[in-house]
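Read in order, the letters of the sequence shown correspond to residues 1 to 121 in our numbering. Built from N, CA and C at the ideal position, the CB exists for glycine as well.
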Amino acid sequence: MKTRHLVIPALIVALFTIGAVAVIVTIERYPSPGEPEPAVSGEKAVEIAVAQFKDIEAVNSSARLETVNSSVYLRFPGTVDGAGKLVWIVTVEGKPKEWLQGGQVYIDAATGDVLLVSHVM
């Protein structure tokens, strides 16, 4: 299988060739209109994220601020497909307890609401 990637500022295209069959996968990227200031601080986002993992003792946590686009796979309340939302993506790592070790939490940077909790790291 051959893979080719073409990156255009607003579009990512991947072309997969399997024998005589070609599959094209596209992901549209919508530019964000400047970076708004988050109402929720990174420290508060980490505090909210750690609270989602009550059964572990958090050892390491990090937060990064990103504009994430709502899509078929990740839908945010009150947004339409392609609409961007400023979110804190917080990674929580901890001492394992009954196989649970941490994960990622998506937090709305404007309201502090938890949008997604993933136990996969």
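Closest residue to residue i among the options (Cα-Cα distance)
| i | options | result |
| --- | --- | --- |
| Val92 | Ala39, Glu37 and Glu57 | Glu57 |
| Ser41 | Gln52, Leu65, Ala51 and Asn60 | Leu65 |
| Val68 | Glu43, Gln101 and Ile89 | Ile89 |
Three-state secondary structure (DSSP) of residue i
| i | result |
| --- | --- |
| Ile89 | strand |
| Ile56 | coil |
| Val105 | strand |
| Ala45 | helix |
| Ala51 | helix |
Same chain only: Cβ atoms within 8 Å of residue i, ignoring 5 sequence neighbours per side
| i | result |
| --- | --- |
| Pro96 | Ile56 |
Cβ neighbour criterion (16 or more within 10 Å) applied to residue i
| i | result |
| --- | --- |
| Ala39 | exposed |
| Val46 | buried |
| Val105 | buried |
Cut-off 7 Å between Cβ atoms - residues of its own chain near residue i, not counting five sequence neighbours on either side
| i | result |
| --- | --- |
| Val59 | Glu93, Gly94 and Lys95 |
Check: residue i C-beta below 7 Å from any heavy atom of the ligand HEM
| i | result |
| --- | --- |
| Glu43 | Ligands are entirely absent from the displayed structure, and the ligand HEM is therefore not among its contents. |
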